[in-house]
Amino acid sequence: VIERLSAFISRHREPATEVLRFPPVMSRHQLEKSGYLKSFPNLLGCVCALHGTEAEIRRAADRHEAGGDWTAALAAADLVLSPAACYPVYPLAASRGPVPRSGLRFDVASDCFRREPSRHLDRLQSFRMREYVYIGPPQEVTRFRERWIGQAQRLADELGLPYRVAPASDPFFGRTGQVMAISQLQQSLKLELLVPVHSAEQPTACMSFNYHQDHFGTTWGLRDETGAVAHTGCVAFGMDRLAVALFWKHGLDVQKWPAAVRNALAMR
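In this text, residue positions in the sequence shown follow my numbering: the first is 765, and each later residue adds one.
And the structure:
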């Protein structure tokens, strides 16, 4: 089902969009520079490994065999688990030089990780994310997002999913995070397409539409040919959540799904 969903989303890719697929890990330095530790330190997953000489590593392994705690010998590597598919694309785009007047469009995907406290199927710690990203002038980023808010609703209609679109905020950490969340809501920087998988009162966000303003442009030096800082925005698809929503709405037997939904997903 997720493969069919991915192909379904790909059919709606805008022209001149570069396709990139990232691994489930990324540079720790890049994530630190992006400001993730300031906003979501509680969700971060860091790659750890045994370091030291061969003898030191062997002693750590032997501790496990003896029933001891081998994890005491672990140290952080230079990699972290990617919390979102789009994070690696901004430094990559910056390394290529000035952003062209027409902007840059990317189709990105990766397996992601967030140490979520919930055990619900719609809030997994390891999950698959697909995104369309636009980098360019502020007004074009706004137009990109508005187009996709409309397009995403048409996609949900094709999939036979009930939904509503509403302003939202990211789960920023701590008291400072509460202020950031309020600001995000007030400026409508994030909207979500919500499907009532569990209930109408606590619907599941299956897609999101995000305007980062100049955050990544300033962080990574993304500028156009005149030197103006580029803005960024993205539309994100929670692939696992969309799959769960389809099974919730149409049942576990895909052969019995409505013909229109099966046709949209090119299911035979």
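Here a beta-carbon is modelled for each residue, glycine too, at the ideal position from N, C-alpha and C.
{"Asked": "Determine whether the beta carbon atoms of Val844 and Arg878 lie at a separation below 8 Å.", "Found": "no"}
{"Asked": "Restricting to runs no shorter than 3 residues, where is the beta strand (DSSP E) found entirely within the region 883-908?", "Found": "890-900"}
{"Asked": "Assign Val783 to one of two classes, buried (16 or more other C-beta atoms within 10 Å of its C-beta) or exposed (fewer than that).", "Found": "exposed"}
{"Asked": "Out of Gly914, Arg883, Thr940, Phe936, which has the shortest C-alpha to C-alpha gap to Arg928?", "Found": "Gly914"}
{"Asked": "Tell me whether the beta-carbon of Arg1005 lies closer than 8 Å to the beta-carbon of Ala873.", "Found": "no"}
{"Asked": "Who are the near neighbours of Met902 in its chain, counting only those whose CB is closer than 6 Å to its CB and skipping five residues on each side?", "Found": "In the sequence on display, residue 902 carries Pro and not Met. Closer than 6 Å at Cβ, skipping near neighbours: His995."}
{"Asked": "How is the alpha helix (DSSP H) around His979 delimited, first residue to last?", "Found": "979-984"}
{"Asked": "Just to confirm, are Leu814 and Pro847 a CB contact at a threshold of 8 Å?", "Found": "no"}
{"Asked": "Verify whether the separation of the beta carbon atoms of Met893 and Tyr851 is less than 8 Å.", "Found": "no"}
{"Asked": "Tell me the start and end of each unbroken alpha helix (DSSP H) in the region 805-846 that is at least 4 residues and wholly inside, in chain order.", "Found": "818-829"}
{"Asked": "Report the partner residues of Lys1013 according to the DSSP bridge assignment.", "Found": "Answer is none; Lys1013 lacks a bridge partner."}
{"Asked": "Would you call the CB atoms of Val905 and Tyr975 closer than 8 Å?", "Found": "yes"}
{"Asked": "Can you say whether Ser859 is buried or exposed, counting buried as having 16 or more other CB atoms within 10 angstroms of its CB?", "Found": "exposed"}
{"Asked": "Taking the alpha-carbon positions, what's the Arg768 to Val1018 distance?", "Found": "12 Å"}
{"Asked": "Got a sec, what are the start and stop residues for the beta strand (DSSP E) Lys954 sits in?", "Found": "954-959"}
{"Asked": "Could you tell me if Pro967 is buried or exposed, where buried requires 16 or more neighbouring beta carbons within 10 angstroms of its beta carbon?", "Found": "buried"}
{"Asked": "I'd like to know whether the C-beta of Ala930 is nearer than 8 Å to at least one C-beta of chain D.", "Found": "Going by chain labels, chain D is absent from the structure shown, which holds only one protein chain."}
{"Asked": "If I follow the unbroken beta strand (DSSP E) through Pro931, where does it start and stop?", "Found": "928-931"}
{"Asked": "May I ask which residues mark the beginning and end of the alpha helix (DSSP H) holding Leu1034?", "Found": "With the chain covering only 765 through 1032, there is no way to say anything about residue 1034."}
{"Asked": "For the alpha helix (DSSP H) containing His793, name the first residue and the last one.", "Found": "792-798"}
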